[in-house]
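As numbered in full-length UniProt numbering, residues 1 to 184 make up the sequence shown, in order.
Glycine included, each C-beta is placed from N, C-alpha and C at the ideal position.
Here the structure comes first, spelled out in structure tokens, and everything after it is commentary.
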Amino acid sequence: MTSSRRRRTRAGTRDAHRAARRARGAALVAGAFALVALTGCGADAPTFPTDPDGTLERVRGGELRAGLSPHEPWTALGPDGSPDGVEVALVEDFADSLGADVTWTTGGEEALVADLEEGRLDVVVGGFTASTPWTSKAAVTVAYTTVTDEHGKPEGHVVLAPMGENAFLVALERHLLDQEVTAP
Numbered sequence: 001m002t003s004s005r006r007r008r009t010r011a012g013t014r015d016a017h018r019a020a021r022r023a024r025g026a027a028l029v030a031g032a033f034a035l036v037a038l039t040g041c042g043a044d045a046p047t048f049p050t051d052p053d054g055t056l057e058r059v060r061g062g063e064l065r066a067g068l069s070p071h072e073p074w075t076a077l078g079p080d081g082s083p084d085g086v087e088v089a090l091v092e093d094f095a096d097s098l099g100a101d102v103t104w105t106t107g108g109e110e111a112l113v114a115d116l117e118e119g120r121l122d123v124v125v126g127g128f129t130a131s132t133p134w135t136s137k138a139a140v141t142v143a144y145t146t147v148t149d150e151h152g153k154p155e156g157h158v159v160l161a162p163m164g165e166n167a168f169l170v171a172l173e174r175h176l177l178d179q180e181v182t183a184p
């Protein structure tokens, strides 16, 4: 092999190595950008769980709109028409934990669940159990207490919340699980 040919081969090899290094560098830069985009390292990155309608942030320091369907002893209306019962106390304690005031709406289950679906209410209480028929229209919290029904079977009591408002639901469930509720 002639010396000029060796120089061209070495130069070609050097160029090939440079091109490979550039390609690896470009791939590393692209990978870094993809990693940043996928992990959401920016200041505006969403946190999880989220509330598409911003329920938790709206309620915090503001107003918690609660629906009450009378179902003694869990929920009731006092002689003066004011909300009363175990679940009323739970909702009011939750609102206090968020620095919110509670506005109560009373009614039948169907109307209150419709208001919950339409975003006019944030929670609904009414002695609901985990086997409530409203699971297709409302999010159901974890059971905050369990009682034995008339057939001797354990029944978990729950609160209804808006579907998809997961940050709100998690905050509500954490609050409920921190409470020691004894069945009335």
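Expected contact under 8 Å - CB spacing of residue i and residue j to nearest Å
i: V125; j: T75; result: 5 Å
i: E87; j: V147; result: Contact doesn't hold; Cβ gap of about 13 Å is too wide.
i: T50; j: A167; result: 6 Å
i: D115; j: G67; result: 6 Å
Buried/exposed call for residue i, threshold 16 Cβ in 10 Å
i: G69; result: As written in the sequence, residue 69 is Ser, which differs from the Gly given in the question. Counting Cβ neighbours within 10 Å, S69 comes out buried, since at least 16 surround it.
i: V36; result: Any reading at V36 must be qualified, since the residue scores a pLDDT of 41, below 50, and its modelled position is unreliable; the value itself is stated next. Label assigned to V36: exposed.
i: Q179; result: exposed
i: A89; result: exposed
i: G99; result: exposed
i: R65; result: buried
i: H151; result: exposed
i: P184; result: exposed
i: E165; result: buried
i: A34; result: Note on A34: pLDDT 44, under 50, position unreliable in the model; the coordinate value appears next. Looking at its Cβ environment, which holds fewer than 16 other Cβ atoms inside 10 Å, A34 is exposed.
i: F94; result: buried
i: residue 186; result: For the chain, the structure presents residues 1 to 184; residue 186 sits outside this window and is missing.
i: G85; result: buried
i: L177; result: exposed
Segment limits, beta strand (DSSP E) that includes residue i
i: E155; result: P154 to H157
i: T146; result: T145 to T148
i: V124; result: V123 to V125
For residue i, the residue or residues it bridges with in DSSP
i: T105; result: G67
i: P133; result: DSSP, once it has assigned bridges, lists no residue as partnering P133.
i: P83; result: L77
i: V140; result: L160
When the options are compared against residue i, the one with the closest alpha-carbon
i: E63; options: D122, M163, A89 and T50; result: D122
i: P52; options: P162, V113, L116 and H175; result: P162
i: T141; options: E117, A171 and W104; result: A171
i: T129; options: V91, R174 and P154; result: P154
i: S82; options: G61, T106 and V91; result: T106
i: S97; options: T145, G156, L56 and D149; result: L56
i: E72; options: P133, L169 and G127; result: G127
i: L77; options: T132, R60, G108 and S136; result: G108
i: T132; options: R58, V113 and F48; result: V113
Boundaries of the alpha helix (DSSP H) in which residue i is found, first to last residue
i: V88; result: V86 to S97
i: T55; result: T55 to V59
i: E173; result: N166 to D178
Proximity test, residue i beta-carbon vs the ligand FMN heavy atom, cut-off 6 Å
i: G127; result: For the ligand FMN, the structure offers nothing, since it holds no ligand at all.
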